[in-house]
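Residue numbers (the numbering used here): 1 to 164.
For each residue, glycine too, the CB sits at the ideal point set by N, CA and C.
Values in this document were obtained by computation on a predicted structure and should not be read as measured data.
Below is one structure, written out as structure tokens, with a few remarks after it.
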């Protein structure tokens with residue numbers, strides 16, 4: 001599985017005529033705290049994207065405010081998912097072409113099986129702008145929420161909104 005790239009994300013957004021976004025280039029950031037230092041003072045909710053694995057090789061992507069803690073029991077109660085845990089790095093590479101610490105919705109470009117259910121925490125869907133690493137941790141993209149949902153829909157994903 002080829003690894004996802006920033007160029008791949010830019011090419012896809014251009015193809016979808018999504019061109020109203022900003023990117024900040026910065027040194028490699030391995031945590032959301034590190035990335036936040038490079039983008040301080042700019043508008044956009046700081047997100048974290050968690051890639052989870054459940055029973056029977058079911059995969060889930062959960063996008064939430066990076067200040068929130070993930071409650072696995074609550075997630076299972078809300079979604080009916082069973083035995084959910086963080087996916088292993090091998091699963092991440094196989095399903096999304098990404099390395100740990102660089103997970104974002106843009107990794108879905110590499111999910112040829114379309115076997116990932118995407119969830120957004122309701123707290124961030126009303127935010128005008130969301131931030132992610134666009135498949136590389138040396139950039140942060142600031143994308144309008146409606147454009148992000150357009151991207152997901154065009155890629156064949158119907159995100160569900162849940163209250164975590």
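Cβ-based neighbour list, residue i, same chain, cut-off 6 Å, excluding 5 preceding and 5 following
i, result
"residue 9", "106, 134 and 135"
"residue 121", "64 and 164"
"residue 116", "59 and 61"
"residue 168", "This structure cannot speak to residue 168, because the chain is shown only from 1 to 164."
"residue 30", "101"
"residue 72", "84"
Nonlocal neighbours in the same chain, by C-beta distance under 7 Å from residue i, ignoring five residues either side
i, result
"residue 114", "156"
Per-residue burial, residue i [other beta carbons within 10 Å of its own, 16 or more giving buried]
i, result
"residue 4", "buried"
"residue 53", "buried"
"residue 7", "exposed"
"residue 140", "buried"
Sheet register partners of residue i (DSSP bridge)
i, result
"residue 106", "Looking at the DSSP assignment, residue 106 forms no beta bridge with any residue, so it has no partner."
"residue 151", "DSSP lists no partner for residue 151."
"residue 119", "62 and 160"
"residue 52", "60 and 86"
Pick from the options that is closest to residue i, judged by C-alpha positions
i, options, result
"residue 104", "16, 38, 77 and 152", "152"
"residue 11", "89, 109 and 36", "109"
"residue 161", "129, 28 and 118", "118"
"residue 88", "34, 50 and 127", "50"
"residue 14", "143, 85 and 94", "143"
"residue 126", "137, 111, 112 and 149", "149"
"residue 94", "33, 73 and 111", "111"
Other residues of its chain near residue i: CB distance less than 8 Å, five sequence neighbours each side excluded
i, result
"residue 137", "28, 29, 30, 35, 101 and 102"
Quick one: any contact between the region 78–87 and the region 13–24, if contact means 3 or more CB pairs under 8 Å?
no
Does the region 37–56 come close enough to the region 64–73 to have 3 or more Cβ pairs within less than 8 Å?
yes
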